[in-house]
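Just below is one structure, and these are the notes that go with it.
In the working numbering, the protein residues as written are 352 to 636.
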């Protein structure tokens with residue numbers, strides 16, 4: 352299972368480039384990914400106004416090719432706002448809501464459990480938990496995820512702590528149909544070997560067909576070819592590198608929206624080198 356954490360392209364005036372977004376949706380579908388994540392971390396959800404978010408949520412539903420599943424990043428660090436957004440995206444027709452661990456206001460594992468249970472009970476939405484401690488400052492432990500898996504409409508987790516042990520502990524404790532998805536491209540194949548179901552990928556913005564092939568065939572050769580790209584995507588904070596890569600590949604991603612800025616000249620040189628090497632490796636497969 353491959354979901355692309357889709358970027359949000361901008362026009363030169365800084366507004367959302369909906370024409371390019373529609374193109375990205377079509378290309379992802381043609382490449383064979385299972386679905387796209389609208390306004391996750393890579394889509395810069397915190398940088399968009401509420402009005403922009405609503406328009407983009409609606410646009411994606413109207414313009415997604417039939418058969419392409421949609422997941423919406425609907426989590427915030429405010430309970431009532433998260434409930435409203437999660438309910439809204441379900442009303443629009445999304446297949447899943449990705450709800451991030453509430454950030455900045457750190458809490459206990461019991462606080463996380465009560466927060467997510469409340470969102471699930473008040474919305475009825477099929478919820479994918481999103482554990483990304485490097486962003487939120489709080490790590491949702493495997494035991495908490497296992498507890499939450501008992502809630503009927505909490506149906507999966509995007510696990511981006513990078514811990515193999517955490518994945519193993521989660522998989523031991525949850526039902527077989529509870530979706531365990533890697534949140535790190537470089538960890539996808541190792542996590543699949545432990546029993547995970549797939550990935551919510553940044554790299555598939557660039558090489559959706561190849562990432563899909565790697566996951567479906569458990570293809571070590573493709574993993575090795577893409578591995579330098581997986582690492583390069585995080586030499587500066589995501590989504591700075593992926594936006595630069597996409598520009599190199601001819602996509603009209605537009606300018607960076609503050610607080611994000613262009614990568615340094617040193618990073619740009621590295622990214623150009625990595626892209627050329629990865630493209631050559633893929634051609635040789």
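Positions of the beta carbon are idealized from the N, C-alpha and C atoms, including for glycine. From a predicted model like this one, the values you see are computed outputs, not experimental measurements.
- At a Cβ-Cβ threshold of 9 Å, residue 499 and residue 467 count as neighbours.
- Per DSSP, the continuous beta strand (DSSP E) segment holding residue 449 begins and ends at 447-451.
- DSSP places residue 485 within a helical segment (H, G or I) once states are collapsed to three.
- At a Cβ-Cβ threshold of 9 Å, residue 524 and residue 485 do not count as neighbours.
- Counting only the Cα atoms, residue 400 lies some 32 Å from residue 563.
- In the structure shown, the three-state DSSP call for residue 599 is helix.
- Excluding residues up to 5 positions away in sequence, 513 lie with their Cβ nearer than 7 Å to the Cβ of residue 538 in the same chain.
- Our two residues, residue 475 and residue 633, have alpha carbons roughly 43 Å apart in a direct line.
- DSSP links residue 361 through a beta bridge to 367.
- For a cut-off of 8 Å, the C-beta gap from residue 490 to residue 453 is around 13 Å, too long to register as a contact.
- Under DSSP, residue 551 takes part in a beta bridge, and its partners are 354.
- Residues of the same chain with a CB within less than 7 Å of the CB of residue 505, apart from the 5 flanking positions on each side, are 467, 471, 478, 480, 499 in chain order.
- The DSSP-derived three-state label of residue 491 is coil.
- Where residue 560 is concerned, the enclosing alpha helix (DSSP H) starts and stops at 559-568.
- When the five nearest sequence neighbours on each side are left out, the beta carbons in the same chain lying within less than 7 Å of the beta carbon of residue 464 are those of 495, 498, 499, in order along the chain.
- Pairing residue 438 with residue 488, the inter-Cα distance amounts to about 26 Å.
- Under the three-state reduction of DSSP output, residue 586 falls in the coil class, being neither helix nor strand.
- Contact check for residue 446 against residue 420 passes: the beta carbons are separated by less than 9 Å.
- DSSP, reduced to helix, strand and coil, places residue 396 within a helical segment of the structure shown.
- Between the C-alpha atoms of residue 534 and residue 469 there is a straight-line separation of about 24 Å.
- Between the region 583-596 and the region 607-621 there are three or more inter-stretch CB-CB distances shorter than 8 Å, so the stretches are counted as touching.
- For residue 472, the enclosing alpha helix (DSSP H) stretches over residues 460-474.
- The C-beta distance from residue 592 to residue 355 rounds to 16 Å, too long to meet the 8 Å contact threshold.
- The criterion of a C-beta distance shorter than 9 Å is satisfied by residue 532 and residue 509.
- Counting only residues of its own chain and dropping the five nearest sequence neighbours on each side, residue 526 has a CB closer than 8 Å to the CB of 500.
- In the DSSP assignment, residue 440 falls within the alpha helix (DSSP H) that extends over 430-443.
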